[in-house]
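2 protein chains.
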Amino acid sequence: MPVYVVGHKIPDSDSICGAIALAHLKNQIGEASVATRLGDISPETAFILDKFGFEAPELKLSYAGEEVYIVDHSELTQAPDDIAEATIVGIVDHHKLGDLTTSTPLECWIRPVGCSNTVIKMMYDFYNVEIPKNIAGIMLCAILSDTVIFKSPTCTTADIKCVEALAEIAGIEDFKALGMDMFKVKSAVEGTPARDLVMRDFKDFNMNGNLVGIGQLEVIDLSVFDDIKADLEADIAALKAEGNRHSVLLLLTDIMKEGSEMLIVTDDLAKVESAYNCKSVDNKVWLDGVLSRKKQVVPPLQDAFA
Amino acid sequence: MPVYVVGHKIPDSDSICGAIALAHLKNQIGEASVATRLGDISPETAFILDKFGFEAPELKLSYAGEEVYIVDHSELTQAPDDIAEATIVGIVDHHKLGDLTTSTPLECWIRPVGCSNTVIKMMYDFYNVEIPKNIAGIMLCAILSDTVIFKSPTCTTADIKCVEALAEIAGIEDFKALGMDMFKVKSAVEGTPARDLVMRDFKDFNMNGNLVGIGQLEVIDLSVFDDIKADLEADIAALKAEGNRHSVLLLLTDIMKEGSEMLIVTDDLAKVESAYNCKSVDNKVWLDGVLSRKKQVVPPLQDAFA
Chain B
1 MPVYVVGHKI
11 PDSDSICGAI
21 ALAHLKNQIG
31 EASVATRLGD
41 ISPETAFILD
51 KFGFEAPELK
61 LSYAGEEVYI
71 VDHSELTQAP
81 DDIAEATIVG
91 IVDHHKLGDL
101 TTSTPLECWI
111 RPVGCSNTVI
121 KMMYDFYNVE
131 IPKNIAGIML
141 CAILSDTVIF
151 KSPTCTTADI
161 KCVEALAEIA
171 GIEDFKALGM
181 DMFKVKSAVE
191 GTPARDLVMR
201 DFKDFNMNGN
211 LVGIGQLEVI
221 DLSVFDDIKA
231 DLEADIAALK
241 AEGNRHSVLL
251 LLTDIMKEGS
261 EMLIVTDDLA
271 KVESAYNCKS
281 VDNKVWLDGV
291 LSRKKQVVPP
301 LQDAFA
Chain W
1 MPVYVVGHKI
11 PDSDSICGAI
21 ALAHLKNQIG
31 EASVATRLGD
41 ISPETAFILD
51 KFGFEAPELK
61 LSYAGEEVYI
71 VDHSELTQAP
81 DDIAEATIVG
91 IVDHHKLGDL
101 TTSTPLECWI
111 RPVGCSNTVI
121 KMMYDFYNVE
131 IPKNIAGIML
141 CAILSDTVIF
151 KSPTCTTADI
161 KCVEALAEIA
171 GIEDFKALGM
181 DMFKVKSAVE
191 GTPARDLVMR
201 DFKDFNMNGN
211 LVGIGQLEVI
221 DLSVFDDIKA
231 DLEADIAALK
241 AEGNRHSVLL
251 LLTDIMKEGS
261 EMLIVTDDLA
271 KVESAYNCKS
281 VDNKVWLDGV
291 LSRKKQVVPP
301 LQDAFA
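Chain order of the listed sequences is B and W.
With UniProt numbering applied, the first sequence has no gaps in its numbers, which climb one by one up to 306 at the end.
With UniProt numbering applied, the second sequence has no gaps in its numbers, which climb one by one up to 306 at the end.
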């Protein structure tokens with residue numbers, strides 16, 4: 001029986017590329033593994049997979065009775081629905097430690113770096129397994145995506161060195177140009193339904209018993225949202241009600257101006273404003289310098305709820 | 001401000017030697033660190049520290065506002081009481097994933113091996129830091145203790161290879177003889193109050209909302225308990241009542257016969273018996289082949305409570 005290697009719900013490029021890269025490594029060291037996914041792939045991820053010649057991993061939602069290697073999260077809300085009936089054999093991640101628990105020993109490769117694929121590169125090095133050119137390519141793209149081409153405060157020297165090493169393996173001379181191509185794909189929002197945009201990179205967090213959903217759209221220029229912002233606002237309000245959430249935040253991130261406009265629907269606006277030390281206007285606020293949900297948006301709110 | 005490196009409550013040799021070894025490594029790579037402990041050291045640990053010329057780490061119970069590196073556990077019940085007010089920067093462990101969570105990214109070096117010190121050796125290798133002879137000595141002893149000189153089912157080839165490498169660094173020719181000396185120290189229970197014996201290696205677990213305490217005493221011959229078994233039984237009954245526990249189990253492990261007598265006080269004897277598929281007599285049962293609390297005692301009970 002194989003081990004299923006799976007990233008979080010509403011998979012991003014790190015979850016998909018990481019599952020492929022880790023499953024390959026595990027197969028090379030004699031542990032039969034299959035990369036899977038918990039949802040549709042984003043246009044950015046489709047661009048990456050297409051560029052390096054990969055199919056999307058198999059869509060698989062149920063893992064009861066199976067062995068699972070978790071990629072890019074350690075939160076129950078982001079894991080398969082029936083994870084409690086599966087055996088978690090490992091976790092590779094770069095986020096805060098969440099509420100997943102196990103009843104048997106496991107391996108955890110968790111590091112405070114910018115991307116799970118940077119940690120997976122460490123695993124390749126540990127096992128002394130060569131990284132194929134096309135896998136190096138998707139790993140590199142995942143790191144450029146998560147670190148916003150090194151601009152995010154989550155980016156560490158380990159991520160930069162990792163991208164440089166992977167670029168050499170993959171034979172990519174100008175990886176920053178590749179990163180910009182990727183973010184151009186990500187910036188093409190025209191004609192996409194609001195719900196699809198909001199859910200493109202959306203994570204639920206359990207904050208002291210309150211369900212808080214936080215979405216993020218990273219683009220090259222916020223003007224792409226001018227015509228659809230009202231639709232986005234209406235949609236996150238609907239999403240809050242549907243999921244019985246305490247709050248839904250949507251970050252519209254301008255990777256060139258290096259900041260985010262946050263759209264807010266919440267049961268407690270004062271709590272959100274105090275978390276970010278800001279004053280919103282019409283439930284919107286520009287947060288200068290805020291690029292990272294993980295490092296700049298989740299922890300202050302977590303503290304506000306504590 | 002230093003990072004405090006601390007093992008679990010009622011520290012065993014892995015917690016103490018691991019804290020010393022990891023603090024040394026962290027200091028070598030430029031991260032100021034101080035090894036601390038959450039309780040008295042056991043006679044076995046005192047023997048190890050004395051043999052290799054170490055003082056016991058500083059006793060420190062409060063960590064509010066401090067940065068902490070957790071060794072040998074990931075359970076709230078085993079962590080400092082005020083851990084929620086500290087920042088956990090890392091966890092090195094070899095147990096099931098417990099209920100510690102964080103609000104910021106951290107590093108986790110968790111592996112399904114026999115001892116945290118085996119994982120710490122991997123960290124030394126990763127950072128390419130030389131292990132001093134005396135630190136190699138205490139790390140080796142911790143691994144021999146946790147793996148019961150390789151007899152425990154928790155022992156992996158990684159642990160054995162690690163001990164062999166550490167023995168070479170420490171210049172120890174007959175590490176098995178050293179292990180037996182250590183277990184002889186551990187077997188000297190005469191004259192020690194029952195409570196001290198019970199608490200020598202005692203861990204509380206949160207099993208689906210129920211507090212379950214499990215102690216273990218590993219000796220070379222169970223006959224050392226003949227005269228004090230009634231005292232031990234009375235003491236775990238008291239311990240159950242004092243802590244409002246659902247159950248307290250005490251494992252009297254014979255490392256030569258390779259099995260354990262389990263003393264049981266519980267609110268639900270049928271549940272405990274079904275977990276181990278056994279029938280107790282006078283709240284006692286011999287479990288043949290059972291040497292490991294972590295691998296053979298906790299998971300079946302966890303499942304019974306699930």
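Beta carbons are placed, not taken as given, at the ideal position from N, Cα and C, and that holds for glycine.
All values reported here derive from a predicted model rather than from experimental measurement.
Residue i in three-state terms, based on DSSP
i                : result
Ser145 (chain W) : helix
Phe183 (chain W) : helix
Cys108 (chain W) : strand
Met199 (chain W) : helix
Arg37 (chain B)  : strand
Leu291 (chain W) : coil
Val272 (chain W) : helix
Asp93 (chain B)  : strand
Glu75 (chain B)  : coil
Val297 (chain B) : helix
Val189 (chain B) : coil
Arg31 (chain W)  : For the record, residue 31 (chain W) in the displayed sequence is Glu; it is not Arg. In this structure, Glu31 (chain W) counts as coil in the three-state DSSP scheme.
Val113 (chain W) : coil
Glu173 (chain W) : coil
Leu100 (chain W) : coil
Within-8 angstroms CB hit, residue i to chain B
i                : result
Thr102 (chain W) : yes
Asp159 (chain W) : no
Ile131 (chain W) : no
Cys162 (chain W) : no
Asp146 (chain W) : no
Leu106 (chain W) : yes
Pro299 (chain W) : yes
Gly98 (chain W)  : yes
Cβ of residue i within 8 angstroms of any chain W Cβ
i                : result
Gln78 (chain B)  : no
Gln216 (chain B) : no
Cys155 (chain B) : no
Gln302 (chain B) : yes
His24 (chain B)  : no
His95 (chain B)  : yes
Lys294 (chain B) : yes
Residue of the options minimising C-alpha distance to residue i
i                     : options                                : result
Ile29 (chain W)       : W:Met139, W:Phe126, W:Lys294           : W:Phe126
Lys60 (chain W)       : W:Gly39, W:Leu49, W:Ser74              : W:Gly39
Val248 (chain B)      : B:Asp254, B:Lys257, B:Ala234           : B:Ala234
residue 320 (chain W) : W:Val224, W:Phe225, W:Asn210           : For residue 320 (chain W) there is no data in the structure shown, the boundaries of chain W being 1 and 306.
Ala304 (chain B)      : W:Thr77, W:Gln78, W:Ser103             : W:Ser103
Leu178 (chain W)      : W:Lys257, W:Ile48, W:Leu76             : W:Ile48
Asp81 (chain B)       : B:His8, B:Gly171, B:Ser13              : B:His8
Leu144 (chain B)      : B:Asp174, B:Lys133, B:Glu130, B:Asn128 : B:Asp174
Ala167 (chain W)      : W:Arg245, W:Ala275, W:Cys141           : W:Cys141
Asp181 (chain W)      : W:Glu44, W:Thr77, W:Thr156             : W:Glu44
Glu66 (chain B)       : B:Arg195, B:Ala230, B:Lys203, B:Met1   : B:Met1
Asp159 (chain W)      : W:Ile131, W:Val113, W:Asp204           : W:Val113
Nearest-angstrom beta carbon gap, residue j and residue i [assumed within contact, 8 angstroms]
i                : j                : result
Leu25 (chain B)  : Met123 (chain B) : 6 angstroms
Val219 (chain B) : Asp254 (chain B) : 7 angstroms
Pro153 (chain W) : Ser280 (chain W) : Not quite, the Cβ-Cβ distance comes to about 22 angstroms (not below 8 angstroms), so this is no contact.
Ile83 (chain B)  : Tyr63 (chain B)  : 6 angstroms
Leu250 (chain W) : Ile236 (chain W) : 5 angstroms
Gly289 (chain B) : Glu258 (chain B) : 6 angstroms
Val71 (chain B)  : Ser15 (chain B)  : 6 angstroms
Ile120 (chain W) : Ile91 (chain W)  : Not a contact, Cβ separation roughly 12 angstroms.
Residue(s) in a DSSP beta bridge with residue i
i                     : result
residue 318 (chain B) : Residue coverage of chain B in this structure runs from 1 to 306, which leaves residue 318 (chain B) outside it and unanswerable.
Phe205 (chain B)      : B:Val212
Ser260 (chain W)      : W:Thr253, W:Leu287
Tyr127 (chain W)      : DSSP lists no partner for Tyr127 (chain W).
residue 371 (chain B) : Outside the shown range of chain B (1 to 306) lies residue 371 (chain B), about which nothing can therefore be said.
Leu59 (chain B)       : B:Arg37
Glu67 (chain W)       : W:Val3, W:Thr87
Leu140 (chain B)      : Answer is none; Leu140 (chain B) lacks a bridge partner.
Lys219 (chain B)      : A small fix is needed here, since residue 219 (chain B) is Val in this sequence, not Lys. DSSP output for Val219 (chain B) lists B:Asp254 as bridge partner(s).
- Contact set between the region 110-135 of chain W and chain A, restricted to residues whose Cβ is under 7 angstroms from the partner: No chain A appears in the structure shown, which is made up of the protein chains B and W.
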